[in-house]
Amino acid sequence: MTAYRYADETTPPDPVQVSDVAIMRFEHIFEVDPKLMTDHLSQQEFPNWDTIRIVAARHSHLAWMHDHWTLKVLSAGELLDDITREDAGS
Amino acid sequence: MSTVLTEIDPEVAEALRAAIGDAHVIADRAARFHRARVPAPFPVHRWAEHVPGIVVLPGTTAEVAAIVVIANRFGVPVVPRSGGTGLTDGAVPLRGGILLDLKRLDEIHEIDLENRTCRVGAGVNMLKLNEVLGKHGLIYPDDPASYPCSLVGGRIGTSGWSLIGSRYGHTRDLVLSFTHVLPSGQVIQVGDGGGAKLSKSSSGYSLKQLFMGHQGTLGVATEATLKLYDKPEAELSPFWAFESYEEAYRAVGLIVRANCATFAGAVIFDPEKVAYLRRDDEAYIPQPESVRALVCAALYGNEEEVEAGGRRLMRIARDHGGTYLGDEISQGDWAARHDRYATPLHGRTRAGQVVPMGWHCEDASINYTAVPAVRKEWHEIMARLCRASEIFDDWGIFAYTNGPTGADYLVEIDVGIWEQELDDEAWQLWVNAKREFSAVAIAHGGSISACHGSCREGEVDLVPTELGGVFDVMLTIKRALDPGNIMNPGKYLLDRAYEEVE
Ligand SMILES: Cc1cc2nc3c(=O)[nH]c(=O)nc-3n(C[C@H](O)[C@H](O)[C@H](O)COP(=O)(O)OP(=O)(O)OC[C@H]3O[C@@H](n4cnc5c(N)ncnc54)[C@H](O)[C@@H]3O)c2cc1C
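Listed in order, the protein sequences are those of chains A and B.
Once you know that position 10 of the first sequence is 1032 in the working numbering, the rest is easy, because the numbers rise by one and skip nothing.
Once you know that position 202 of the second sequence is 1664 in the working numbering, the rest is easy, because the numbers rise by one and skip nothing.
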């Protein structure tokens, strides 16, 4: 178990600008650029663990949905590789 | 009957308590206000106009029938409410009265493994039902984007549309029969012929569809027998990017017509939708500007057939300009489509500032050949609306197959509305825009709604235009079955049935 340090949790990593309207602080987790949240809505303070928890919960929700609807999810990427190989061979 | 009964006569309340017990008759403010709310934006400052006088939660068909009889005796409106997720305000009381909350009808009465059917209370939710059916390797594939929250009774009340309807059919195909309480309180069984578990009969009038999609104006479904399928062995849901809408449109037509038996649905997203996603959806934020339109397809069935169909579709998309977006986006986005409550509920002002916004959508049924023209005209309407007020935001259009031949599509424009700022003037702008969306759908030989119904201000005005003589038949049926106009009065302009006789 790692110790909970308030200062660490409330200091997010430096943002990387990923588009005109979005930034990224954690890998693959995008946030609305804070400069667009000044007039009508302000950004909440979010501990780092909570950001990560919410994204993980979303992933587990999507995985649950797949299991709920089907026994197996096929990879279209693999099918595309197959047909690309087949076409190259023919 | 046009007074709003937000207060209930103590005599009516007493009769209801005697019929179903004190515990299931609720009159407090919170319970009543809560049940006047639906997800579609509405003028919050007029909320109080739609509050019921009393809430009842019956537990059996006999109790529902008793409530309807009491409503007739006292001339009080009754409004059925299931999940309350309907997007045409069907479950919102327009005249107050008795709010019939059907959630307690949530029993699974029978699962018939041999005939592949189940009989459930109308208050059952499909997700919960499928958790039980999954243990038997079965599934009830009615799959709206409100799947976790809508209930079987509401699906009947709206004659709902399913994401995977191109493979399994929509609510009207999947509900085989149901127990129905008529506006008189009489209880009947409606289905294909007399047998509860039949999917085809030629005996007598086919009334099943009459008692579906009526938005609670012709009575209440209390129990339903549903058609079940094997839980799919495999799912495939590729998403492709295109550099133009025209290319994507051509490709989706070919994908749908590729003759794959496991094909369950395809969607095309237009450039405005892609721009919205690139702004606010984690999967699309990193997509390059060259991505202007998207297509996705879903296949379900046994593994061999899904795989074979998938290969065919991957080839077609690739050969017609589609770039596969990868497994992570494809699988994740498809899984998210079963539950659109996760839509980001914020929009932008003209200056790009973030504001809280409710989601609203206009949906129409449109033939494939008319989709591009409707799309263009709808965006023009939206552009005028956004120029008139910045409380509206165009969130783009998608079109989704209605069936396996690709003849017609559910075309939907998503609109962000800054609800707190809605006043009478802005509401009127919105209602006018809704009327224009509907007029465009009709002008192109379509229908105002493919899935939600058309009861709201604006759209409902054009229902007689769309339906012509059929609307007159609706009035005749309504008057014959509900002479006291107690079932969900005020909806679908059906009050006209009574004006004529006065
Ligand atoms: C995020 C989101 C996504 C959606 N996606 C879809 C979609 O993909 N496809 C689709 O079809 N719809 C969709 N909808 C709309 C809505 O979910 C459907 O219309 C659904 O069928 C409504 O079910 P409900 O249980 O919430 O019914 P409610 O909203 O409670 O009721 C709907 C109507 O039916 C009547 N009614 C309710 N119960 C009964 C009954 N037992 N007997 C007779 N009448 C009754 C009500 O009076 C009302 O007029 C979506 C809604 C949301 C919020």
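Glycine included, every Cβ here is placed at the ideal spot set by N, Cα and C.
For clarity, every value in this text was computed on a predicted model and none was experimentally measured.
Could you check the C-alpha separation between residue i and residue j for me, to the nearest Å?
i: P1472(B); j: R1508(B); result: 26 angstroms
i: S1911(B); j: N1829(B); result: 13 angstroms
i: F1854(B); j: L1929(B); result: 30 angstroms
i: H1676(B); j: H1088(A); result: 33 angstroms
i: E1476(B); j: G1681(B); result: 23 angstroms
i: L1955(B); j: Y1707(B); result: 38 angstroms
i: G1546(B); j: E1709(B); result: 39 angstroms
i: V1753(B); j: V1836(B); result: 22 angstroms
i: R1774(B); j: G1599(B); result: 28 angstroms
i: P1750(B); j: E1053(A); result: 18 angstroms
i: G1656(B); j: G1615(B); result: 20 angstroms
i: V1077(A); j: P1037(A); result: 17 angstroms
i: G1865(B); j: G1631(B); result: 8 angstroms
i: R1810(B); j: E1842(B); result: 19 angstroms
i: I1105(A); j: R1777(B); result: 7 angstroms
i: Q1065(A); j: P1056(A); result: 7 angstroms
i: A1755(B); j: V1877(B); result: 18 angstroms
i: Y1026(A); j: H1081(A); result: 24 angstroms
i: W1702(B); j: K1953(B); result: 41 angstroms
i: I1051(A); j: A1901(B); result: 42 angstroms
i: Q1648(B); j: K1659(B); result: 22 angstroms
i: V1932(B); j: I1939(B); result: 10 angstroms
Helix, strand or coil for residue i, going by three-state DSSP, please let me know.
i: G1616(B); result: helix
i: A1813(B); result: coil
i: T1785(B); result: strand
i: I1791(B); result: helix
i: S1628(B); result: helix
i: K1689(B); result: strand
i: E1695(B); result: coil
i: D1654(B); result: coil
i: I1948(B); result: coil
i: A1835(B); result: helix
i: N1764(B); result: coil
i: S1900(B); result: helix
i: E1824(B); result: strand
i: E1769(B); result: helix
i: H1642(B); result: strand
i: G1111(A); result: helix
i: D1471(B); result: coil
Sort the options by Cα distance to residue i and report the nearest one.
i: W1880(B); options: L1807(B), G1515(B), L1478(B); result: L1807(B)
i: A1524(B); options: S1752(B), V1500(B), T1684(B); result: T1684(B)
i: G1653(B); options: P1606(B), P1603(B), R1581(B); result: R1581(B)
i: A1044(A); options: L1739(B), G1788(B), A1492(B), N1592(B); result: L1739(B)
i: F1860(B); options: S1827(B), Q1793(B), Y1803(B); result: S1827(B)
i: V1846(B); options: G1868(B), E1898(B), G1631(B), Q1815(B); result: Rather than Val, the amino acid found at residue 1846(B) in this sequence is Arg. Residue E1898(B) is the option with its Cα nearest to R1846(B).
i: S1544(B); options: M1819(B), I1717(B), P1951(B), V1500(B); result: V1500(B)
i: S1097(A); options: D1795(B), T1550(B), P1700(B); result: P1700(B)
i: E1921(B); options: T1785(B), R1719(B), R1941(B), C1823(B); result: C1823(B)
i: G1763(B); options: W1796(B), I1470(B), F1725(B); result: F1725(B)
i: Q1793(B); options: A1029(A), R1027(A), H1062(A), A1085(A); result: A1085(A)
i: D1551(B); options: L1891(B), A1797(B), C1917(B), E1765(B); result: C1917(B)
i: P1769(B); options: R1107(A), G1111(A), E1100(A); result: Position check: residue 1769(B) holds Glu in this sequence, whereas Pro was assumed. Of the candidates R1107(A), G1111(A), E1100(A), the one whose C-alpha sits nearest the C-alpha of E1769(B) is E1100(A).
Leaving aside the five residues before and after residue i along the sequence, list all residues of the same chain whose C-beta is less than 8 angstroms from its C-beta, in chain order.
i: G1727(B); result: L1625, I1626, G1627, S1628, R1629, A1759, A1760, Y1862, T1863
i: L1478(B); result: V1487, I1516, V1518, I1529, I1532, I1560
i: I1904(B); result: I1910, L1924, T1927, E1928
i: A1737(B); result: G1858
i: L1058(A); result: V1043
What residues in its chain sit with their C-beta under 7 angstroms from that of residue i, if we drop five residues either side in the sequence?
i: C1913(B); result: G1622, W1623, D1825, L1872
i: A1888(B); result: S1851, I1853
i: Y1609(B); result: M1588, L1589, H1800, D1801
i: E1964(B); result: Because E1964(B) sits at a pLDDT of 47, beneath the cut-off of 50, its placement in the model cannot be relied upon, and the following sentence gives the value as read from the coordinates. Same-chain partners within the cutoff: there are none.
i: N1070(A); result: E1031, P1034
i: M1949(B); result: V1540, P1645, G1678, T1679, L1680, G1681
Give a yes or no on whether 7 angstroms exceeds the smallest Cβ distance from residue i to chain C.
i: E1921(B); result: In summary, chain C is missing from the structure at hand, where the protein chains are A and B.
Within the stretch 1026–1107 of chain A, ranges of the beta strand (DSSP E) (whole runs, at least 3 residues): 1044–1048, 1051–1054
Every unbroken alpha helix (DSSP H) inside the stretch 1912–1944 of chain B [4 residues or more]: Segments of the alpha helix (DSSP H) lying fully in the stretch 1912–1944 of chain B: 1925–1929, 1931–1943.
Start-end ranges of the beta strand (DSSP E) lying completely within the stretch 1538–1588 of chain B, minimum 3 residues: 1540–1543, 1560–1563, 1570–1574, 1579–1583
Length-filtered (4 minimum) alpha helix (DSSP H) runs lying within the stretch 1706–1763 of chain B: 1707–1718, 1733–1742
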